[in-house]
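Enquirer: Numbering (my numbering), first residue to last: 8 to 308. Ideal Cβ placement from N, Cα and C applies to all residues, glycine included. Below: one structure in structure tokens.
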């Protein structure tokens, strides 16, 4: 993804989403051909020249200072996640360092140890482009029990959570309020695109989903950013029924995310989640038993 283009699109979109009235800008009843603030109005609110701001939107100006970016963020009333996104886009607009390529993602030894430790807890490790790098048995049962549990171990065929939310009917039906989940997924992916502006996997995923899902294309064009740290969803699981689930995202230093699903203690949702985890564990042990038995030495006749 081109960093300068992303920066310009983000600024133009967010400028169009802010009305002059809510910022106290006088319009004197003039007719406006475009929604939101004009460039010169935003420049005035941010304390920069109109020509400088125009160059910033057009991708013709780089090295904007943090102070200027903060002034623009304040004028646009960006939240904390959106402010961080703006700074990342500005840094990414300075070009990709020569000779650097994104390393292929994988779940390391520590990540696999974590997934084993969380075997009975619904947990999923996602890569930069929301590929599933690893999941606990309970995580597989909750989010994608209809898929191959060994899918994350096959890099070319890994499940992708963003793709599942928009293109997989089973995943869509998991969420009672699917539009809220969809907005969160797009906002999180938009934040990832600012954090890793030169990642080809993110660019390819955005292109694929934009072609195959008009809902994704519409949400992506809105340039909304979300941190995705914690969200509560009402889920309808085909095995255990309705549950209210909190999905918490824990970010690693390499940019990967561990999503852990929890429920309120003593609630019907916790009982349903416990049943689901128990079912997943039973199925796992049942699948392992034949393999273990095949390794036993033959009994003497």
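Per DSSP, what kind of secondary structure is residue 308 in: helix, strand or coil?
Expert: Legend: pLDDT at residue 308 = 37, less than 50; position of this residue unreliable, value from coordinates given subsequently. Residue 308: coil per DSSP, three-state reduction.
Enquirer: Pull the bridge partners of residue 167 from the DSSP assignment, please.
Expert: Paired residue(s): 138.
Enquirer: Beta-carbon separation of residue 173 and residue 219 under 9 angstroms?
Expert: Yes, Cβ-Cβ distance for residue 173 and residue 219 is below 9 angstroms.
Enquirer: At 4 residues or longer, what runs of the alpha helix (DSSP H) sit wholly inside the stretch 217-293?
Expert: Within the stretch 217-293, the complete alpha helix (DSSP H) runs of at least 4 residues are 221-228.
Enquirer: For the beta strand (DSSP E) that residue 130 lies in, which residues bound it at each end?
Expert: Start and end: 130-133.
Enquirer: Kindly identify the DSSP beta-bridge partner or partners of residue 320.
Expert: Lying outside 8 to 308, the shown extent of the chain, residue 320 is not represented and no answer is given.
Enquirer: Do three or more CB pairs link the stretch 67-77 to the stretch 17-28 at distances below 8 angstroms?
Expert: Cβ pair count under 8 angstroms is below three, so no.
Enquirer: What are the boundary residues of the alpha helix (DSSP H) that residue 99 is part of?
Expert: Where residue 99 is concerned, the enclosing alpha helix (DSSP H) stretches over 87-99.
Enquirer: With a CB to CB cut of under 7 angstroms and the five nearest residues on each side skipped, what residues in its chain are close to residue 24?
Expert: Closer than 7 angstroms at the Cβ level, and outside the excluded window around residue 24, lie 43.
Enquirer: Are residue 84 and residue 201 closer than 9 angstroms when you measure CB to CB?
Expert: Contact flag unset, no.
Enquirer: By how many angstroms is the C-alpha of residue 189 removed from the C-alpha of residue 107?
Expert: Unreliable placement is indicated for residue 107, whose pLDDT of 49 sits below 50; the coordinate value is still reported in the next sentence. Cα-Cα distance, rounded: 32 angstroms.
Enquirer: Grab me the residues of residue 209's own chain with a C-beta within less than 8 angstroms of its C-beta, minus the 5 sequence neighbours each way, in chain order.
Expert: Same-chain partners within the cutoff: 8, 135, 136, 196, 199, 200, 203.
Enquirer: To the nearest angstrom, how far is the alpha carbon of residue 105 from that of residue 205?
Expert: For residue 105, the predicted structure reports a pLDDT of 42, less than 50, and the residue's modelled location is therefore unreliable. A value from the coordinates is still provided. Rounded to the nearest angstrom, the two C-alpha atoms are 12 angstroms apart.
Enquirer: So, using beta-carbon positions, are residue 191 and residue 238 closer together than 9 angstroms?
Expert: Yes.
Enquirer: Mark residue 170 as exposed unless 16 or more other C-beta atoms lie within 10 angstroms of its C-beta, in which case mark it buried.
Expert: Looking at its Cβ environment, which holds 16 or more other Cβ atoms inside 10 Å, residue 170 is buried.
Enquirer: Nearest CA to the CA of residue 256: which residue from 116, 133, 79?
Expert: Ranking 116, 133, 79 by Cα distance to residue 256 puts 133 first.
Enquirer: Is residue 92 buried or exposed, if buried means 16 or more other CB atoms sit within 10 Å of its CB?
Expert: Buried, by the Cβ-count rule.
Enquirer: Between the alpha carbons of residue 64 and residue 46, how many angstroms are there, rounded?
Expert: For residue 64 and residue 46, the distance between alpha carbons rounds to 9 angstroms.
Enquirer: For residue 127, collect the residues of the same chain with a Cβ closer than 7 angstroms to its Cβ; drop the 5 residues on either side in sequence, then sort them by chain order.
Expert: Taken in chain order, the residues that qualify are 145, 284, 288.
Enquirer: Could you tell me if residue 270 is buried or exposed, where buried requires 16 or more neighbouring beta carbons within 10 angstroms of its beta carbon?
Expert: With 16 or more Cβ atoms within 10 Å of its Cβ, residue 270 is classed as buried.
Enquirer: Quick check: what's the CA-CA separation for residue 149 versus residue 59?
Expert: Their backbone Cα atoms lie some 50 angstroms apart in a straight line.
Enquirer: Tell me whether residue 205 sits in a helix, a strand or coil according to DSSP, three-state version.
Expert: If DSSP states are grouped into helix, strand and coil, residue 205 belongs with coil.
Enquirer: Ordered along the chain, which non-local residues of its own chain (more than five positions away) have a Cβ less than 7 angstroms from that of residue 243?
Expert: 180, 181, 183, 249, listed in sequence order.
Enquirer: Between the alpha carbons of residue 55 and residue 13, how many angstroms are there, rounded?
Expert: Their backbone Cα atoms lie some 21 angstroms apart in a straight line.
Enquirer: With DSSP run on the structure shown, which of helix, strand or coil describes residue 115?
Expert: Of the three classes helix, strand and coil, the one that applies to residue 115 here is coil, per DSSP.
Enquirer: Sort 213, 240, 52, 217 by Cα distance to residue 253 and report the nearest one.
Expert: Comparing Cα positions, the closest option is 240.
Enquirer: What three-state label does DSSP hand residue 146 in the structure shown?
Expert: Correct three-state label for residue 146: helix.
Enquirer: Where does residue 263 land, buried or exposed, given buried means 16+ other C-beta within 10 angstroms?
Expert: By the neighbour-count rule (16 or more Cβ atoms within 10 Å), residue 263 is buried.
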